[in-house]
Structures are given as structure tokens and as C-alpha cells.
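Numbering (UniProt numbering), first residue to last: 1 to 113.
Step one of this worksheet: look at the structure below.
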């Protein structure tokens, strides 16, 4: 399982990055697992967009692209992430060998590991 790093600050001063396993009593409910496979993007307009981190984690999450812009594209994935509050996993996808970001499993079809 991969462990995230977290940006730490005190007041308005940025202190740097802290390894998540070193934080006692802190858990955002996210879990990451190495996994390799393929899928096809089936996202509809307005749903299942691609993000730089899993929505619901403690990262500052930003939308990278509309999932519908890649509808029908064949992708590979190398990691699956889950948030305790969401039963659907997110997949870290690559298109044409370039990592694009994270998309909900709801936006994928023909998932093969």
C-alpha cells in the first residue's frame, strides 16, 4: 500500500512535506493499491471527470480534464485508490503512455486487471 505525503503549515508559514505514516492519529480514509490493467472511458458529459488526486482525500484536488473529452479512449491504469466514504474506486489512468490523473470507476467500462 502506498502512503501519501502531506503539505504541512503552521499559521501562514509553509513547513514542507510530511510522510503520512509519520502522522499519529491522522487518516483521511484513503487507501492506494498497486494494480495494472486496462479500461475504456465511458464518462458522460458533466460526470466522471479526471482529477489530479482522488476527490475526498486531503489533497487540494483540481479537475484536470472532462472525462467526456476522452470518451471511448482505451486507457491503462497502475493504481487504484479508495476513500472510505465512497464504495467506488478511483483509477490512476494513462493515455498513450502519459499519466492523465484519477477517474472514478463509474466513468470506465471493460475494466480488466
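Note that CB positions come from ideal geometry on N, CA and C, so glycine has one too.
Everything numeric in this text was worked out from a predicted model, so none of it was measured.
Asked                                                                                                                                                    : Found
Tell me whether the beta-carbon of residue 90 lies closer than 8 Å to the beta-carbon of residue 103.                                                    : yes
Touch check for the region 68-82 and the region 29-37: three-plus C-beta pairs under 8 Å?                                                                : yes
Once the 5 residues before and after residue 83 are set aside, which same chain residues still bring their CB inside 7 Å of it?                          : 29, 30, 54, 56, 57
With DSSP as the reference, label residue 68 as helix, strand or coil.                                                                                   : helix
Can you list, in chain order, the residues of its chain whose CB lies under 8 Å from that of residue 50, leaving out five sequence neighbours each side? : 63, 64, 65, 66, 67, 70, 93, 100, 101, 102, 103
Tell me which residue opens and which closes the beta strand (DSSP E) that residue 13 is part of.                                                        : 13-19
Below 6 Å CB to CB, which residues in the same chain sit around residue 52 once its five sequence neighbours on both sides are set aside?                : 62, 64, 101
Quick check on residue 4: does DSSP put it in helix, strand or coil?                                                                                     : coil
Quickly, what does DSSP pair residue 112 with across the bridge? List them, please.                                                                      : 38
Let me make sure I understand the geometry here. Which of 44, 4, 8 has the alpha-carbon closest to that of residue 105?                                  : 44
Where does residue 101 sit, in a helix, a strand or coil, going by DSSP?                                                                                 : strand
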